[in-house]
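Protein chains in written order, with my numbering: chain C, 125 to 561; chain H, -6 to 240. In this text, a Cβ means the ideal position worked out from N, Cα and C, and glycines have one as well. These numbers were taken from a predicted model, which means no experiment stands behind them. The structure appears below as structure tokens.
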Amino acid sequence: MRFIDLLRLILDNLGRRKGRVMLTAIGVVIGTASVILLISLAIGLQKSATSNLWGISDLRRVDVYPGYSEAPVMMEVGRSSGKGDVPPGMKILTPQTIEDIKALPGVTLVTPKQGIYGQAVLKSGRLENYPWIQGVDLDDIGVFEYPMQGGVTTLERGQAIIGGWVAQQFYDPKQRPGQDPPAQPDVLGQTLRLVLTKWTQDGVMINKTVNIKIVGIMSQAQAEQDSVMFVRLDELTAWNEWMMGSRINYNRDGYNQLVVRAEDPDQATEIADAITNMGYQASTSQSVVQGINSFFIVLQVVFGGIGAISLLVAAIGIANTMAMAILERTREIGLMKAVGATNKDVLSIFLGEAAGIGFIGGIGGVIIGWGGSLLLNMVASTFMPSNPYGGTQLATSTPGWLPLFALVFATLVGIISGLYPSLRAATLVPVNALKYE
Amino acid sequence: MTIFIQIRDLRKTYVMGKSTVHALDGIDLDIIPGSFTVVMGPSGSGKSTLLHLIGGLDRPTSGSIVVDGEPLEKMDENQLAEYRRKMVGFIFQSFNLVATMNAAENVGFPMRFARTTNRERRTRSMELLKRVGLDDRALHKPTELSGGQQQRVAIARSLVNQPKIILADEPTGNLDTASGYGIMQLLSVLHKAGHTVIVVTHDPRMQHFSTHIIYLLDGRIVSEAEYQAASTFDFAETSEGETTHES
Chain C
125 MRFIDLLRLI
135 LDNLGRRKGR
145 VMLTAIGVVI
155 GTASVILLIS
165 LAIGLQKSAT
175 SNLWGISDLR
185 RVDVYPGYSE
195 APVMMEVGRS
205 SGKGDVPPGM
215 KILTPQTIED
225 IKALPGVTLV
235 TPKQGIYGQA
245 VLKSGRLENY
255 PWIQGVDLDD
265 IGVFEYPMQG
275 GVTTLERGQA
285 IIGGWVAQQF
295 YDPKQRPGQD
305 PPAQPDVLGQ
315 TLRLVLTKWT
325 QDGVMINKTV
335 NIKIVGIMSQ
345 AQAEQDSVMF
355 VRLDELTAWN
365 EWMMGSRINY
375 NRDGYNQLVV
385 RAEDPDQATE
395 IADAITNMGY
405 QASTSQSVVQ
415 GINSFFIVLQ
425 VVFGGIGAIS
435 LLVAAIGIAN
445 TMAMAILERT
455 REIGLMKAVG
465 ATNKDVLSIF
475 LGEAAGIGFI
485 GGIGGVIIGW
495 GGSLLLNMVA
505 STFMPSNPYG
515 GTQLATSTPG
525 WLPLFALVFA
535 TLVGIISGLY
545 PSLRAATLVP
555 VNALKYE
Chain H
-6 MTIFIQIRDL
4 RKTYVMGKST
14 VHALDGIDLD
24 IIPGSFTVVM
34 GPSGSGKSTL
44 LHLIGGLDRP
54 TSGSIVVDGE
64 PLEKMDENQL
74 AEYRRKMVGF
84 IFQSFNLVAT
94 MNAAENVGFP
104 MRFARTTNRE
114 RRTRSMELLK
124 RVGLDDRALH
134 KPTELSGGQQ
144 QRVAIARSLV
154 NQPKIILADE
164 PTGNLDTASG
174 YGIMQLLSVL
184 HKAGHTVIVV
194 THDPRMQHFS
204 THIIYLLDGR
214 IVSEAEYQAA
224 STFDFAETSE
234 GETTHES
């Protein structure tokens, strides 16, 4: 039998039972559409998550924290200090650590980042704010590459750069319930009061007020810098010393965190590994991205699997339709054989019909799945907040291979479902088929 | 004389539950090329089974059928399919036309399995429809044709691959007297054109067109005398039964 004759016969046969073919194909349409839509959703979520992550965090950056590992400790720890004991076995971040990390190949910058040891409230008139105060040993925070809403990135003593969220979080402590929140002050370029608070051993509260000028405001990015107020490390150290009532020696007490930058993003993971080997904790956006990617691959498989369940139901539908068709057309099969069709011809015809149902359903599913994916994106772009870093804000993402894969898969589902009924048809004894009532 | 179809000790047994039915019980038969053989016999005598075995639609339990020097029992499924495609044309009592195809498509249907082109198929179908007098009905579906016309389409279909043997199983069984007679004449024309025709029938008129007549009873070939005696015996027994009942 020529392929073109086979194809014509299959199309004729499918055309003879349009209603039933369409009803069976609807199952495949739903299955294929859900496979495409769910996988697109998983890929879209992955892209959205990773692009946002890449936006908020610099791929060249490695964050280093004190080590708690069992690795050999290189320096003596565990003596008493103003801020409390350093736990035994903890590997602290010292100025020497900075030098050690700077010596690693590919490292361009190592700078400490330090938090405040007590309570500090930022005041603008009667309005108050509790920013997350971070001391940095930098003249210019531009190296962090945070986008700025306004002002400058250079930082001097008596100055601060605040996050976009901090700039919007001034509140009135005397506000009564039901009262409208106060209008947010424009603090850029303003000198505000920072009130530091400590308690004596007798429980007496002592306040210290310092004036601080807001020289820059960072853009909001739904990230850590939103709630930060950057100040100079030497200034913060002085405040911490006032709070603790003792001198701070970073060689002894260590820094909270070090920020390391690699020359090239590809080196970030290597540097992080090297720092980890030195006994500290190091994390990079790269490793986070990798972790997120592997999570989303699992999500894609799970989503694809859920879609595949509907395809499985559709496959049972195809098998049932083909089994019914073969019962109804038993005499026709007998006739085919009587006029010289081989078992292979009969098998090809019925498998072709089953594949045809899968293919038709697959086409419908691709159209609906792809269309649904585009529709979801339109809805998402209308309702989801825009990303200041220009990361993709898509709900779904349908790669070119997915519809093609889904179409092939749907056709394969058709073939596999039609296999048993078609084999039964092919192996019918002609005379029995002709006598079938 | 050349033997075209040689049948030796042909047996076909069906096992139905615990009982065994011998549909054919040792048939020996020689059919010469270009003959018109009519197989007569009551229902259950095995005549259709014989036709199916000659046509390669079923396999015998034992015995042999040699057609044109080729033993059918040695053929595999593909070879049997090729034999049916090239050597045999079937005509059935219930026509077996595909309801969704028109007359011309039905006639050309066997050619789809014979690697022929569309054009060849159309030309040949029209030629054959003309030969059976239905060229003006080429585009009609089977439901738009009378029984006699449907059987003519089936006859045209049986000829489409130019087979040497025409096997007809009760071809007039579903037709009225006049249409049935027309089909007999058509089969006679095919015989005269050189086809070897074997017809299984109950219709005694078919004998007028035949060159050979075979009588089957309980799966065996019997003489005309035995066949007539059996028929008469059946009748007498029934009459006797009825008489007894009345008295």
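- Under the Cβ criterion (8 Å, minimum of three pairs), the stretch 225 to 232 of chain C counts as touching the stretch 379 to 393 of chain C.
- Between the stretch 74 to 93 of chain H and the stretch 154 to 163 of chain H there are three or more inter-stretch CB-CB distances shorter than 8 Å, so the stretches are counted as touching.
- Residue pairing by DSSP places H:G62 in no beta bridge whatsoever.
- Around the C-beta of H:H45, 16 or more other C-beta atoms lie within 10 Å, and the residue is accordingly described as buried.
- Under the three-state reduction of DSSP output, C:F127 falls in the helix class.
- Put simply, the backbone Cα of H:S87 is about 51 Å away from that of C:L161.
- For C:T466, the nearest CB of chain H lies under 9 Å from its own CB, placing it at the interface with that chain.
- Of the residues assessed, C:V426 falls on the exposed side of the cut-off, its CB having fewer than 16 other CB atoms within 10 angstroms.
- Under the Cβ criterion of 9 Å, C:A462 is counted among the residues facing chain H.
- Scanning chain H for C-beta atoms nearer than 9 Å to the C-beta of C:V426 yields nothing, as the closest lies near 45 Å away.
- Minimum Cα-Cα distance from C:G495 among the listed residues C:V152, C:A157 and C:K142 corresponds to C:A157.
- Sequence-distant Cβ neighbours of H:K40 in its own chain, meaning closer than 7 Å and more than five residues away, are V32, G34, V193 and L209.
- Here C:S164 is near C:T522, since their CB atoms are less than 9 Å apart.
- DSSP, read as helix, strand or coil, puts C:M214 in coil.
- Distance check between C:I487 and each of C:G538, C:F474, C:I440 and C:L500 places C:G538 closest, using alpha-carbon atoms only.
- Under DSSP, H:F83 forms a beta bridge with H:L160.
- Counting along the chain, no alpha helix (DSSP H) covers H:N89, and no H or E run does either.
- Per DSSP, H:S12 is not a residue of any alpha helix (DSSP H); the beta strand (DSSP E) it occupies stretches across S12 to I24.
- Taking C-beta atoms as the reference points, C:Q220 and C:L423 fail to come closer than 9 Å.
- DSSP places H:A186 outside both helix and strand once states are collapsed to three, so it counts as coil.
- Burial check for C:W525: the Cβ neighbour count within 10 Å stays below 16, so the residue is exposed.
- For H:Q178, the number of other beta carbons within 10 angstroms of its own is below 16, and it is reported as exposed.
- Residue state for C:A438 is assigned as helix, using DSSP reduced to three classes.
- The residue from C:I473, C:G168, C:W323 and C:I421 with its alpha-carbon nearest to that of C:G369 is C:W323.
- When the Cα atoms are used, H:H195 and C:V153 turn out to be separated by approximately 54 Å.
- The beta carbon of H:G27 is closer than 7 Å to those of G187 and T189 in its chain, skipping five residues each way along the sequence.
- Excluding its 5 nearest sequence neighbours in each direction, C:A530 has C-beta neighbours in its own chain below 8 Å: T156, V159, I160, G486, G489, V490 and G493, listed in chain order.
- Listed as beta-bridge partners of H:F29 by DSSP are H:V190.
- C:N444 is classed as exposed because its beta carbon has fewer than 16 other beta carbons within 10 Å across all chains shown.
- The distance from the Cβ of C:V352 to that of C:G287 is about 5 Å, consistent with a contact at the 8 Å cut-off.
- At a beta-carbon threshold of 7 Å, the residues of chain C lying near H:H45 are V555, ordered along the chain.
- Contact annotation: in the stretch 428 to 461 of chain C, residues whose CB is within less than 8 Å of a CB in chain H are R455, E456, G458, L459, M460 and K461.
- The Cβ-Cβ distance between H:A96 and H:K134 falls below 9 Å.
- Setting aside the 5 residues that flank it on each side, C:L357 is surrounded in the same chain by P236, Q238, G259, V260 and D261, each with a C-beta closer than 7 Å to its C-beta; the list follows chain order.
- Contact of H:E70 with chain C by beta-carbon distance below 8 Å involves T466 and N467.
- Between the alpha carbons of H:D21 and C:L131 lies a distance of about 44 Å.
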